[in-house]
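> Residue numbers (our numbering): 44 to 182. Ideal Cβ positions, reconstructed from N, Cα and C, are used throughout, including at glycine.
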């Protein structure tokens with residue numbers, strides 16, 4: 044089965060329409076119409092919008108929208124699966140970075156509390172030693 048883009052281009056050319064005419068009729072940007080015909084799905088917006096473009100393009104050519112969507116899924120399915128995998132990987136990386144930052148912050152706070160406690164205890168010990176010494180100076 045030919046790709047949805049090849050199919051659209053053949054039907055468009057058979058009907059004697061230009062890319063600009065299809066773009067005007069469908070209100071889809073010319074560069075998106077070209078990308079769809081070329082199968083360059085990376086130049087299209089999110090899959091939801093691309094599916095809407097396919098429906099609109101099919102309707103403008105008098106084609107069955109469901110058949111066009113089926114062709115689109117066959118043509119672009121692997122691309123959008125990979126895109127979804129990349130997005131999930133990016134989300135995981137963002138979450139891991141947040142956790143690392145939170146852990147660093149927690150460790151920093153723990154170290155600051157430990158240092159403050161140590162300083163407090165040492166100053167208390169020093170005060171207590173000074174009080175004992177000054178108390179032993181008096182008869």
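#1: Closest to residue 48 by C-alpha separation, out of 144, 81, 98, 94, would be which residue?
#2: Between residue 46 and residue 114, which are expected to be in contact by the criterion C-beta below 8 Å, what is the C-beta distance as a whole number of angstroms?
#3: State the Cα-Cα distance for the pair residue 86 and residue 77, rounded to the nearest angstrom.
#4: On the criterion of 16 or more Cβ atoms from any shown chain inside 10 Å, does residue 69 qualify as buried, or is it exposed?
#5: According to the Cβ coordinates, are residue 66 and residue 73 closer than 8 Å?
#6: Is the beta carbon of residue 152 within less than 7 Å of some heavy atom of the ligand SAH?
#7: Return yes when the Cβ of residue 71 is within less than 8 Å of the Cβ of residue 94, no when it is not.
#8: What do you get for residue 137, buried or exposed, if any count of 16 or more other CB atoms within 10 angstroms of its CB means buried?
#9: Compare the beta carbon distance of residue 75 and residue 50 with 8 Å and say whether it is the shorter of the two.
#10: Would you mind listing the beta strand (DSSP E) stretches within the segment 140-167 that are 3+ residues and don't spill past its ends, in chain order?
#11: Indicate the three-state DSSP secondary structure (helix, strand or coil) for residue 73 in the structure shown.
#12: Taking the straight line between their C-alpha atoms, what separation do you get for residue 139 and residue 145?
So, from the listed chains and residues:
#1: Along the chain shown, one-based indexing puts residue 48 at 5. Nearest to residue 48 by C-alpha distance, out of 144, 81, 98, 94, is 81.
#2: Residue numbering aside, residue 46 sits at position 3 when the chain shown is read from its first letter. Residue numbering aside, residue 114 sits at position 71 when the chain shown is read from its first letter. Rounded, the Cβ-Cβ distance is 7 Å, consistent with contact.
#3: Sequence index remark: in the chain shown, residue 86 carries index 43 (1-based). Sequence index remark: in the chain shown, residue 77 carries index 34 (1-based). CA-to-CA, the gap between residue 86 and residue 77 works out to about 9 Å.
#4: For this step, residue 69 is matched to residue 26 along the chain shown. It is buried - the Cβ of residue 69 has at least 16 other Cβ atoms within 10 Å.
#5: Here residue 66 refers to the residue found at position 23 of the chain shown. Here residue 73 refers to the residue found at position 30 of the chain shown. Against a cut-off of 8 Å, the Cβ pair of residue 73 and residue 66 comes out as a contact.
#6: Judged by which ligands are present, the structure shown has none, so any question about the ligand SAH falls away.
#7: Stepping through the chain shown from its first residue, residue 94 is reached at position 51. Stepping through the chain shown from its first residue, residue 71 is reached at position 28. For the 8 Å CB-CB criterion, residue 94 and residue 71 do not form a contact.
#8: Taking the first residue of the chain shown as position 1, residue 137 is located at position 94. So residue 137 ends up on the exposed side.
#9: Position 32 of the chain shown holds residue 75. Position 7 of the chain shown holds residue 50. It is not a contact, given that the beta carbons lie outside the stated cut-off.
#10: Taking only runs of at least 3 residues, no beta strand (DSSP E) segment lies wholly in the segment 140-167.
#11: In the chain shown, counting from the first residue as 1, residue 73 sits at position 30. Three-state result, residue 73: helix.
#12: Counting from 1 along the chain shown, the entry for residue 139 is found at position 96. Counting from 1 along the chain shown, the entry for residue 145 is found at position 102. About 10 Å.
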